[in-house]
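*Asks:* One structure, pasted below without further comment.
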Amino acid sequence: MSSQDLIVVGAGPAGLMAALEAARAGARPLILEKTPRAGTKILASGGTRCNLTTTLGSRDAARLFGRSGERFLRGPFQALSPQALRDAFSEWGVPTQVAPLEKVFPVSGRARDVRDALLKVTLAAGVEIQYDTPLLSIAQGEGTDAPWVLRTPNNDRLESKAVILAAGGKSYPLTGTTGDGYGWLKSLGLPLIEPRPSLVPLRSNAGWVRELAGVSLQDCELFLHPSDGSPMVSRRRPMLFTHRGLSGPGPMDLSGRISAMGDNLRVDLRADLLPEIDRDTLRDELLSLGSIPGRPSTARLLKGKLPKRLIAPIFAACGVPIDLPAATLSKSQRHGLIEALKRLPLPVQGTLGYDQAEVTAGGLDLPALDSRTMQVHNRKGLFVCGELLDLDGPIGGLNFQAAFATGLMAGRAAARSITGN
Ligand SMILES: Cc1cc2nc3c(=O)[nH]c(=O)nc-3n(C[C@H](O)[C@H](O)[C@H](O)COP(=O)(O)OP(=O)(O)OC[C@H]3O[C@@H](n4cnc5c(N)ncnc54)[C@H](O)[C@@H]3O)c2cc1C
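Numbering (this note's numbering), first residue to last: 1025 to 1445.
And the structure:
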């Protein structure tokens, strides 16, 4: 059995940042990485452009992780703010630029630059990475001060005073993340919030939805009324119709709530297709359209406001004939059309699952660890960071931000626990 001061499990953004910070604080970390490469998800991220963080300030960014996530991330996001992360990458030779929806990308537009810079600085700090080395199990020896014992293939055993678990979730399993970390948490008797796919496109069996594949709305507000009685959630973000259902930031941001419904799936999802225009304005526009000579059709209301292909399904949804002259529109038809525009029901049967999910929601229950150190309570020397925690944010660089910030906290605290500084 060989002995180490600090072992980091997983060379994703959380693990690399943790190891880098630990090395800078005087530790000699060894990273065990299951696959032959580091930062695979960074390479795949943001359409290979890597949306590495957000333009939001620390507080606003933390708020997007729900109430418990916000409380937990307040400290980490102060220690490593989105701006500080941008500054760090800039110093490492990867300047960043701002894109719509508060996103931040490398100026080069290449995710590889982000991964390479992080890897280079981590290795330069003295971190060692052992590739193709999956952790199989972890246990603590007898006594609270006993080292952690880690088992890797060929019955190899490693001992370490401190361990940082940064093995990610179980989304995009082809990249190497197959949910191994959840098994370790369970075997250690730690509380686990059931993992579920998040930031994943939604599945719809409705013919009209699939026929709209390729149609996108840049401004659309979605309303989800969960069937489990939890409060309604809404998200105003772009939406895209696909041949399998709905995608884009709006539907994907709500997908975690939908996959949480599990088998009791009765999704009440509605879209405000014109969030900039209120009901009264639409009503006035319809009335004035009705008084224009030449009997224009009701559909003219939507000219230039919505993609052409979307217009027929909207009329079908409210039962108003698409060629009905606006002058003959009854009060109830007017009401029906306005409701179809402001709350169009979107039939959804679930999500596309882990294979297409950008993140895994659920994970180690946050009260189980100290957000100042990422150390698990009453488990001296055991730290957890990144997506393995019960943290998931919306699209927009928030998940990398959380991985980097929690990794930094874990690395610093783990080094302190070893060096005593
Ligand atoms: C297609 C795609 C696009 C994305 N785009 C964005 C984006 O633009 N912006 C954003 O903020 N987020 C994005 N995400 C989410 C983001 O990639 C994750 O939130 C982030 O990578 C989590 O970091 P992590 O270090 O916790 O885990 P991971 O990045 O998943 O890293 C975990 C590492 O642990 C390794 N590992 C797993 N099991 C073991 C084991 N048994 N032993 C040893 N090593 C193990 C894995 O191989 C992996 O290298 C995207 C995700 C996907 C899939």
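For every residue, glycine included, the Cβ atom is placed at its ideal position computed from N, Cα and C.
1. Going by DSSP, name the residue or residues bridged to residue 1152.
2. May I have the straight-line CA-CA distance separating residue 1314 from residue 1337, to the nearest angstrom?
3. Considering only DSSP beta bridges, list what residue 1172 is partnered with.
4. Between residue 1379 and residue 1217, how many whole angstroms is the CB-CB distance? I'm expecting something under 8 angstroms.
5. Using only CA atoms, which one of 1384, 1154, 1060 lies nearest to residue 1202?
6. On the DSSP bridge list, what partners appear for residue 1121?
7. On the DSSP bridge assignment, give the partners of residue 1349 in chain order.
8. Are the region 1069 to 1083 and the region 1135 to 1148 touching, with three or more C-beta to C-beta distances below 8 angstroms?
9. Which of the three DSSP states is assigned to residue 1102 in this structure?
10. Please state the DSSP three-state secondary structure of residue 1359.
11. Thinking residue 1190 and residue 1042 are a contact (beta carbons under 8 angstroms), I'd like their distance in whole angstroms, please.
12. Going straight from the alpha carbon of residue 1296 to that of residue 1367, what length do you get?
13. Here's a check: name, in chain order, each residue in its chain whose Cβ is nearer than 7 angstroms to the Cβ of residue 1249, leaving out the five neighbours to either side.
14. With DSSP collapsed to three states, give me the class of residue 1375.
15. Comparing the CB of residue 1133 with every heavy atom of ligand 1, is any distance shorter than 8 angstroms?
16. What's the C-alpha gap between residue 1125 and residue 1420?
17. In this structure, how does DSSP classify residue 1250 when only helix, strand and coil are distinguished?
*Replies:* In this structure, then:
1. In the DSSP assignment, residue 1152 is bridged to 1054.
2. Their backbone Cα atoms lie some 22 angstroms apart in a straight line.
3. Partner(s): 1164, 1184.
4. By a beta-carbon distance limit of 8 angstroms, residue 1379 does not contact residue 1217. Their separation comes to about 21 angstroms.
5. Nearest option by C-alpha distance: 1384.
6. DSSP, once it has assigned bridges, lists 1129 as partnering residue 1121.
7. DSSP links residue 1349 through a beta bridge to 1321.
8. A contact is defined here as three or more CB-CB pairs under 8 angstroms, and the region 1069 to 1083 meets this definition with respect to the region 1135 to 1148.
9. If DSSP states are grouped into helix, strand and coil, residue 1102 belongs with the helices.
10. Three-state result, residue 1359: helix.
11. About 6 angstroms separates the two Cβ atoms, so the contact holds.
12. Cα to Cα, residue 1296 sits roughly 5 angstroms from residue 1367.
13. Contacts found: 1256, 1292.
14. DSSP places residue 1375 in strand when its eight states are reduced to three.
15. Not so, every heavy atom of ligand 1 lies at least 8 angstroms from the Cβ.
16. Distance from the CA of residue 1125 to the CA of residue 1420, rounded to the nearest whole angstrom, comes to 7 angstroms.
17. Residue 1250: coil per DSSP, three-state reduction.
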